[in-house]
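Scroll down for the structure; my scribbles are underneath it.
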Amino acid sequence: MKQTRIEKDVVVIGGGLAGFAAAVSAARHGAQTILIQDRPVLGGNASSEIRVTPHGAGLHHNYATETGLMAEAAAAERSRCHIEPMENAWTNSQWDLALYDICKRTPNLTLQMNTSLTDVILEDGTRGSTLDPEDSKVSQDAGYMERSAINPSRRISRIECSVANAETQITVVGKQYIDCTGDGLCAHLAGCSWRWGSEASDEFDEIHAPSRPDALTMGSSIQFYCHDAGKPVPYEAPPWAKKLNDPDFFYGGTGRIPYTPRGGFWWIEIGVPYNTIFDNEPIREELTEWTLGIWDWMKNKDEKMREKCANYVLDWVGQVPGKRESRRIMGKYFINENELKLDRAFEDEIAYGGWFIDLHTPGGLLAENAEPGAATGYDSHNIEAAKGHVGPYGIPLGILQSRDIDNLGMAGRDVSATKAALGSIRVMQTCGLLGQAIGTAAAVALREGRDLTDLSTGQVREVQDHLRRDGVFLPNVNREAEGDLVPDATLSASSEALLATTSVELEPSKQCDGRPFEQPSDLAQCIPVAGPRLDAIRLCLSSSREGPIEVPVVLRHVKSIWHYDQVDGEVLAEGTLTVEPGQAQWVRWDLGMELPETLHDGGYVRLELMMTAPGELWWERVSRPALACPAYYLLPCADPNKRGERYRRIFNEGMESYGFAVEPAMPVFRAENVRRSANRPYRDAGMWRSDPAEPLPQYLECRWSEPKTLRQIELQFGGDLSNELCRNAPLSRDREVVADYEILLETKDGWEVVDSVRANCQHHRFHQLAEPAETSAVRIRVTGTNGSESASISNLRIFSELGDYPDPWGM
């Protein structure tokens, strides 16, 4: 057996999205890093071996899609991959290669693939494998399984790994370690405390926790993918496949509807009575039997699907179960469901989430239903939908810092959270943000001579600043970046777009796209405003009643597009509109009002339309949603004792806007917006956008009263952040992301181009000048987009010092 030894600053164990992001971010910020992955590809559950679509906040909240490394990977994959996305199972090697490409572009990063962690050695020489080899110290006295800390030393000295098919053992010595194994294996071997199962509802007063604690977990899944052969193809299941003959198993309110012949069903899931760690192989075997039985049902027996499946052939069946839940490692902070719902602002916020509280029924295919919300047919007005709706919410660094081992962090589904909170945090886009955060924290800790669990308040702020400069959005962190020269500059542009109406001026019957949204509940439209006055709002409404309908309306000032409480915000105006019979008619609400001074520089109002005629009144939706103008409908009250009714976005793949127009037109897309810290619209329109009527090129200018010395220019292009980026069309680029642009500096001889980019698809780009340059002004000249009529930039930062690493997409 070959023995080797590797020494690094940061050791990341596990190459799912959390581990990938942790390793890349640590290396980019100067730490010599190794990523140890036990599979031949990166991505974990998202990889081509398992093929689960990465989810995050963007499917449930407008402008909440994850940026940073998650957006880098998604943009690269979509621009190269020809596969049409679906629920699951569509992923191919282009996704694996997008992650691999980013790693290979990253200096200071070593990949160690096909390599499994076998032991952890603590600083006192204790081997983790000897601490509790029979799990005899695991207790279920609390109802859930847990283990208290059993580590005799508070530091990891080294780890041991085995390389598959290479007869090689590796000793890896690091200064900081990050457990991204999903199962928390490194932390477990190091003797850390952990939990497994559900806390009782009375422990943290969580609405999704059971009345009694238990040791049950969500199950694991495999996916299958089918290909259209273009002609009928028979299928005969092997004799060992499950025999499924009862339509009620699928269509009897169980949440297991096989709606597409392509496959990719998340509900092919098995957990209880199996242990998701120790019984991984029996789970794989049984899932395979179920998968072939389900395809046999769809192909040969299902009256609803048999004809649709006639030409489809089974192309791929996953053989690596994708896990949802096992150990949760106890950290310096233990987050619960209520903190997600109340959107607590943590001082050490380093990420955010926004997926719903998604707790699958233990047992999966062996249980009565797959998941409570799915069992209702995803009825958005069902109480389950209201109960589970959370976010966007901030996530603190403390849940990523081990409370028992000083030089150990974690990211992914093994973080320090109650099971109810994990129901939201566990999805992969969120896990990727957690990985980027803890990797950045490890690099900062090393630079400061500390452990990643012992960062000062100032060092946590440094982590936050690095994350935001790297394209990550933090909803409750809004300060200027240290050293940024833009706040002291005057900003201007060649032109600025105005918000006037949600679609071009056509006849009313053509103005809206004819997709009526029946009004089963109150509806709301967020509208960005800027300036002293709002004279009128027009609404595009349809009525099927023979006589007029009186409709109450409210205009409310809201802090952001994500403040969903029905009564949240100052009421600016109330009134009643009269809607006559007819389709797509513009109804005017005369306001003639002075806007609050807080809105003069930009902000949001929410226009609310009260339900008075269900089934007879519609607020028309426009064919292309208006940028920065999300629409909502009202959810029922999830808990009458605690919360009022809340708005949520129309559940679909992308944002919707209702038909509206404002008078006067609002200057919400000003050049001034790019100096603000956010990289998206949520508290205001959040970007500079050129006048779509003016041809390219268009430019944004940053000018100082006296010359400045420049070394680095950083740009963020907001893009369509109301849809999960991996769900964009194949071989596509975000139309709102700038494709072609130039960086120009003003010199005594005029404007000089110092850098240029062509065919960009990335949301975040930065430019390091080869030599310091003194200038009084910078221009970003946009010469091409990926389809948008306007040039747009969300954020601009300029520094006199170089950052930690060069632009990976400029290499």
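Under my numbering, the letters of the sequence shown match residues 61 to 871, in that order. In this text, a Cβ means the ideal position worked out from N, Cα and C, and glycines have one as well.
Counting along the chain, residue 678 sits inside no alpha helix (DSSP H); it lies in the beta strand (DSSP E) bounded by residues 677 to 679. In the structure shown, residue 856 falls within a strand segment according to DSSP collapsed to helix, strand and coil. Separation of residue 778 and residue 662 (C-alpha to C-alpha, rounded to the nearest whole angstrom) is 17 Å. Scanning 795, 798, 389, 870 for the CA closest to the CA of residue 473 turns up 389. Note: residue 800 is bridge-paired with 844 in the DSSP secondary-structure output.
As summarised for the stretch 166 to 225, the continuous beta strand (DSSP E) elements at least 3 residues long and confined to that stretch are 169 to 172, 175 to 182, 205 to 207, 216 to 223, given in chain order. Shown here, residue 105 sits in a helix according to DSSP, grouped into three states. Boundaries of the beta strand (DSSP E) around residue 720: 720 to 726.
The beta carbons of residue 756 and residue 842 sit about 6 Å from each other, so the pair counts as a contact at 8 Å. In this structure, the beta-carbon distance from residue 820 to residue 799 falls below 8 Å.
Sorting 132, 733, 98, 141 by C-alpha distance to the C-alpha of residue 870 places 132 at the top. Cβ contact annotation for residue 260 (same chain, cutoff 8 Å, sequence separation greater than five): 203, 269, 270, 271, 272, 273, in chain order. The alpha-carbon of residue 766 is positioned some 8 Å away from that of residue 835.
Beta-bridge annotation (DSSP): residue 828 is paired with 772. Selection 650, 537, 845, 399 evaluated against residue 599 yields 650 as nearest (Cα-Cα).
In the structure shown, residue 742 adopts coil according to DSSP, grouped into three states.
Taking the Cα of residue 736 as reference, the smallest distance to any Cα among 714, 753, 544, 246 is reached at 544. By the Cβ rule, the stretch 100 to 116 counts as touching the stretch 370 to 389, because three or more pairs are nearer than 8 Å.
About 19 Å separates the Cβ atoms of residue 211 and residue 240, ruling out a contact at the 8 Å cut-off.
One thing to note: residue 184 has its Cβ within 8 Å of the Cβ of residue 213. Ranking 431, 118, 590 by CA distance to the CA of residue 732 puts 590 first. Between residue 442 and the set 695, 857, 750, the nearest pair of CA atoms involves 695. Every unbroken stretch of the alpha helix (DSSP H) spanning 4 or more residues and falling wholly within the stretch 425 to 511 is given here in chain order: 432 to 435, 443 to 448, 479 to 485, 488 to 507.
Rounded to whole angstroms, the separation of the alpha carbons of residue 235 and residue 459 is 20 Å. For residue 111 against residue 150, the beta-carbon gap comes to about 7 Å, under 8 Å, which counts as contact. Across the set 805, 763, 63, the C-alpha of 763 shows the shortest separation from the C-alpha of residue 547. Here the alpha carbons of residue 249 and residue 299 stand approximately 41 Å from one another. Leaving aside the five residues that flank residue 427 on each side, the residues in its chain whose CB is nearer than 6 Å to its CB run, in chain order, 421. Remark: three or more beta-carbon pairs, one from each stretch, lie closer than 8 Å, so the stretch 285 to 296 and the stretch 369 to 377 are flagged as touching. Membership of residue 598 in the beta strand (DSSP E) is indicated by the continuous run 593 to 603. For the 8 Å CB-CB criterion, residue 854 and residue 739 form a contact. Look at residue 539 here: in three-state DSSP terms it is coil, with no helix or strand label. One thing to note: residue 785 has its Cβ no nearer than 8 Å to the Cβ of residue 289.
DSSP, read as helix, strand or coil, puts residue 360 in helix. Here the C-alpha atom of residue 222 lies approximately 40 Å from the C-alpha atom of residue 316. For the options 281, 527, 332, the alpha carbon positioned closest to that of residue 378 is the one of 281.
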